[in-house]
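K.L.:
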Amino acid sequence: MDKRYGDKVVMITGAASGFGALAARKFADEGARLGLSDVNGDGLAEVAGGLRAEGVEVVSDVVDVSDEAQVAAHVGRIAETFGTVHVALNNAGIGHDVAPLQFLTTGDFDRMMNVNVKGVFLGMKYQIPLMQQHGQGAILNVASAAGLVGAGHLSLYAAAKHAVVGITRAAADENATRGIRVNAICPSFSATPMVEDMADQVGGRAGLSRAQAFAHIASRVPMARVSAPEEVVQAMLWICAPENSFMTGQAIAIDGGLTAV
Ligand SMILES: NC(=O)c1ccc[n+]([C@@H]2O[C@H](COP(=O)([O-])OP(=O)(O)OC[C@H]3O[C@@H](n4cnc5c(N)ncnc54)[C@H](O)[C@@H]3O)[C@@H](O)[C@H]2O)c1
């Protein structure tokens, strides 16, 4: 049977860990060639090396998504190697200390905007011209449920993820007649290293174990659990798939019902 992403070139940022690493594996399983990047060189080498050892074609570069020259060079290398980018998953992102706004710093603000917003902007700035040349493409920006609703104690993260939803909608509008779909995905809590760190931080303060902290987080979710990363990555594969051809400009919540109530 033909694979859904056979011969497609899929670029993934933040590919060393969490959603990005799992997405690299799943897109590869569906036949994709990959352009992978992360600021964490060791983690990236492990993910890319493992896939190459299985015969997957991978271009990998250590890239800070907030550095324009590095992003431009990486997209250029993918284009030189594979000809274009068909699918871009702008996934790299970071959180901040879980705390009321008044305890956060301008340093936190700058980090949130640089990585979570500028990173997505720069990714699209270099992906879109390539996709326009070929008259096709699918971009998926990883926002968050915190990009759709207020998220107490995560105010700067929420501000950055709302911005990701906004830039996604604008880019979708600009490219709607050019064969390029642009969407955002808005997961709630999923058991990736980022959220494990958050659970340890919040749980540690309250004297809770990681499992107890996860249970506390899950108590706010109608499905009463956090997601497995696989459940989010499967949605990513579907949103970007060629057969999902009429969806653009959307911010899709994969959140166990969190933003529905
Ligand atoms: N896990 C969740 O519950 C959850 C929920 C909503 C949204 N998200 C979003 O999903 C995305 C992936 O997060 P994750 O949960 O897999 O976390 P993660 O920490 O496991 O992975 C994030 C990856 O991004 C990389 N990264 C960080 N800063 C970077 C930079 N400046 N340049 C390049 N790479 C950088 C990290 O090295 C890491 O490999 C993020 O955008 C995050 O905000 C996660």
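In this text, residue positions in the sequence shown follow this note's numbering: the first is 326, and each later residue adds one.
Glycine residues also receive a C-beta, built at the ideal position from the N, C-alpha and C atoms.
Here the structure is a predicted model, which is why all the values come from computation and not from measurement.
1. My guess is that Arg494 and Gly574 are in contact by the Cβ rule of under 8 Å, so how many angstroms apart are they, rounded?
2. What are the partner residues of Asn439, as DSSP defines its beta bridges?
3. Determine whether the beta carbon atoms of Val387 and Met336 lie at a separation below 8 Å.
4. Count the other CB atoms within 10 Å of the CB of Thr517; is the residue buried (16 or more) or exposed (fewer)?
5. Assuming contact is defined by CB atoms lying nearer than 8 Å, are Val390 and Val442 in contact in what I supplied?
6. Nearest by alpha-carbon distance to Asp433: which of Ser480, Arg550, Val396 and Asp392 is it?
7. So, using beta-carbon positions, are Glu355 and Arg377 closer together than 8 Å?
8. Would the region 424-438 and the region 355-371 be scored as touching if the rule is three or more Cβ pairs under 8 Å?
9. Taking the straight line between their C-alpha atoms, what separation do you get for Arg402 and Gly532?
10. Using only the alpha-carbon positions, how far apart do Val372 and Ala538 sit?
P.N.:
So, from the listed chains and residues:
1. Indeed, because the Cβ distance is near 5 Å, the residues count as touching under 8 Å.
2. Its beta-bridge partners do not exist; DSSP assigns none.
3. Annotated as distal: Val387 and Met336, with beta-carbon spacing of 8 Å or more.
4. Per the 10 Å Cβ criterion, buried.
5. no
6. Minimum Cα distance to Asp433 is reached at Ser480.
7. no
8. no
9. 48 Å
10. 29 Å
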